[in-house]
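Enquirer:
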Amino acid sequence: MRLLFLILLFSTLPARAATEAECQQAFVEWMLSQQQQFSDRKASKMVRRNAERAIDQARGEYAKQESFCQAMALVSRDQTADPRFKPRTGEIHDFTSRR
């Protein structure tokens, strides 16, 4: 339910010209959900890895821009095409076949 709310918030951010306080609240909620995914030992290794990388990417974006709205715009984009979210050769949990 919270995820649905965040998606709706992200889709309306540009139209509403969201304030930094609204973006900060959304950022905190999103970060908490990512941290819960990363900490869940029952989740798959890929889910945990993606959550960790998303957290790192969002923190980096916030550090560069110092804007919660810009950081949230980054995390609302589709992450599946981002090469940073693919397993890398040599990683402990690299599931790609070497054949």
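Quick note on numbering: the sequence shown equals residues -17 to -1, 1 to 82 in mature numbering (1 follows the signal peptide of the UniProt record, and there is no 0).
Even glycine gets a Cβ: it sits at the ideal position worked out from N, Cα and C.
Since the structure is predicted, the reported quantities are computational estimates derived from the model, not experimental observations.
(1) Whole-angstrom Cβ separation of residue 15 and residue 41, contact assumed at under 8 Å?
(2) Can you tell which of 37, 51, 48 and 54 has the C-alpha that lies nearest to the C-alpha of residue 19?
(3) From residue 22 to residue 31, what distance separates their C-alpha atoms?
(4) By DSSP, does residue 47 sit in helix, in strand, or in coil?
(5) Below 7 Å CB to CB, which residues in the same chain sit around residue 11 once its five sequence neighbours on both sides are set aside?
Expert: The structure says:
(1) Here residue 15 refers to the residue found at position 32 of the sequence shown. Here residue 41 refers to the residue found at position 58 of the sequence shown. That belief does not hold up - the Cβ atoms of residue 15 and residue 41 are roughly 12 Å apart, past 8 Å.
(2) Locating residue 19 in the sequence shown gives position 36, counting from the first residue. For residue 19, the nearest C-alpha among the options comes from 37.
(3) Counting from 1 along the sequence shown, the entry for residue 22 is found at position 39. Counting from 1 along the sequence shown, the entry for residue 31 is found at position 48. Roughly 7 Å between the two C-alpha positions.
(4) For the purposes of this step, residue 47 is taken as residue 64 along the sequence shown, with counting starting at 1. If DSSP states are grouped into helix, strand and coil, residue 47 belongs with the helices.
(5) In the sequence shown, counting from the first residue as 1, residue 11 sits at position 28. If we look at residue 11 and ignore the five residues flanking it on each side, it has no Cβ neighbours.
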